[in-house]
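Okay, so here's the structure we're looking at.
Residue numbers (our numbering): 7 to 329.
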């Protein structure tokens, strides 16, 4: 084929309910020269059998089996086994628009970009989303400084790996943090944008994101999730070693995510005065981030600074007012 090979990475864990729909959306691509590297992450249901069924029908499906290690481990394993010049990601319960690869690849080539981005839609329940729209290949804008476009000028670049097509060479020295099994796309996206010189964006909704009980980010707070909340700001600040010129912006990003995860998201779902055990765990870990100067008040907006101060010092009336 004249078209270059695109590697689609799909981590799979106990996904038998939706896996066929996910894989069918890859089979339906108008761009045909792809491989799907599917990492079965120690599934205990029929996921492996389904993967073997698809691989038997189409040799573009490559299966890797491993013991359960989480999303970061699965994606890192896949990255070591890709053959393509370009890389895309797909979660095992989500769906691609049939033109996903075609549009993102063509836009990337036409814009001479490192990354091609699109938008996405959310859908709920077990009934698969049916893409009825057919698009003319086109893009809306080119960002020559993707990191600044996302975190400086706040242009529309999604913080999700499965809304993008990447040049494979861009990922050679970048991997997913095993400290962030559920929210690894945040750090990965930041590092990728730092490393890239050009991104092209289109507004087409080319991915259907299934909202179900299996979504890691929708599950109730656990000790492991709180550990991830604590690890993310520290991992972001660690990027300063490689990108010292972005120190100020990375500190701001770390503070922004800390506020969002520890304060805003928690207070939306829980009551600090009633869910005291969870609250105290979060408060302790956030205080440690402040003590270690991973989070600096000077890097946070005034509103967020007041909310974080109220959260740490149990000023619940002030906290409620700031939110």
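Even glycine gets a Cβ: it sits at the ideal position worked out from N, Cα and C.
Just the C-alpha distance for residue i and residue j, rounded to the nearest angstrom, thanks.
| i | j | result |
| --- | --- | --- |
| residue 7 | residue 183 | Model confidence at residue 7 stands at a pLDDT of 49, short of 50, so the residue's coordinates are unreliable; what they give is reported in the following sentence. The alpha-carbon atoms of residue 7 and residue 183 are separated by roughly 35 Å. |
| residue 265 | residue 65 | 46 Å |
| residue 3 | residue 174 | Because the chain spans 7 through 329 in this model, residue 3 falls outside it and cannot be assessed. |
| residue 256 | residue 32 | 35 Å |
| residue 314 | residue 292 | 9 Å |
| residue 171 | residue 95 | 8 Å |
| residue 67 | residue 209 | 29 Å |
| residue 298 | residue 278 | 24 Å |
| residue 146 | residue 215 | 22 Å |
| residue 323 | residue 329 | 10 Å |
| residue 165 | residue 55 | 32 Å |
| residue 190 | residue 47 | 16 Å |
| residue 14 | residue 294 | 39 Å |
| residue 79 | residue 62 | 25 Å |
| residue 217 | residue 148 | 30 Å |
| residue 53 | residue 195 | 28 Å |
| residue 60 | residue 276 | 43 Å |
Report back the beta-carbon spacing between residue i and residue j to the nearest angstrom; my notes put them in contact at under 8 Å.
| i | j | result |
| --- | --- | --- |
| residue 141 | residue 115 | The Cβ separation is near 16 Å, so there is no contact. |
| residue 36 | residue 139 | Not really, about 13 Å apart at Cβ, beyond 8 Å. |
| residue 70 | residue 45 | 5 Å |
| residue 260 | residue 243 | 5 Å |
| residue 101 | residue 28 | 6 Å |
| residue 180 | residue 123 | So it is not a contact: roughly 17 Å between Cβ atoms. |
Helix, strand or coil for residue i per DSSP?
| i | result |
| --- | --- |
| residue 17 | strand |
| residue 208 | strand |
| residue 143 | coil |
| residue 149 | strand |
| residue 115 | helix |
| residue 182 | coil |
| residue 7 | Residue placement at residue 7 is flagged as unreliable, the pLDDT there being 49, under the threshold of 50; a coordinate-derived value is accordingly withheld. |
| residue 263 | helix |
| residue 279 | coil |
| residue 214 | strand |
| residue 27 | helix |
| residue 189 | coil |
| residue 176 | helix |
| residue 130 | strand |
| residue 242 | helix |
| residue 163 | coil |
| residue 199 | helix |
| residue 170 | strand |
Thinking C-alpha only, which one of the options is nearest residue i?
| i | options | result |
| --- | --- | --- |
| residue 57 | 19, 81, 40 and 37 | 19 |
| residue 153 | 296, 21, 186 and 205 | 205 |
| residue 178 | 40, 147, 10 and 89 | 89 |
| residue 51 | 134, 23 and 236 | 23 |
| residue 198 | 212, 155 and 211 | 155 |
| residue 250 | 54, 229 and 200 | 200 |
| residue 16 | 9, 38, 42 and 30 | 42 |
| residue 144 | 86, 128, 84 and 212 | 212 |
| residue 126 | 120, 119, 135 and 275 | 135 |
| residue 120 | 302, 304 and 203 | 203 |
| residue 254 | 303, 287, 270 and 217 | 303 |
| residue 228 | 281, 263 and 158 | 281 |
| residue 188 | 72, 234, 271 and 311 | 234 |
| residue 288 | 72, 194 and 317 | 317 |
| residue 290 | 117, 269, 276 and 325 | 269 |
Does any CB atom of chain D fall closer than 7 Å to the CB of residue i?
| i | result |
| --- | --- |
| residue 52 | Among the chains in the structure shown there is no chain D, since it carries only a single protein chain. |
* Secondary structure, alpha helix (DSSP H): runs of 4+ residues fully inside the segment 41-112 -> 53-63 and 77-85
Check: Which residue spans inside the segment 281-307 form an unbroken alpha helix (DSSP H) run of at least 4?
Finding: 282-297
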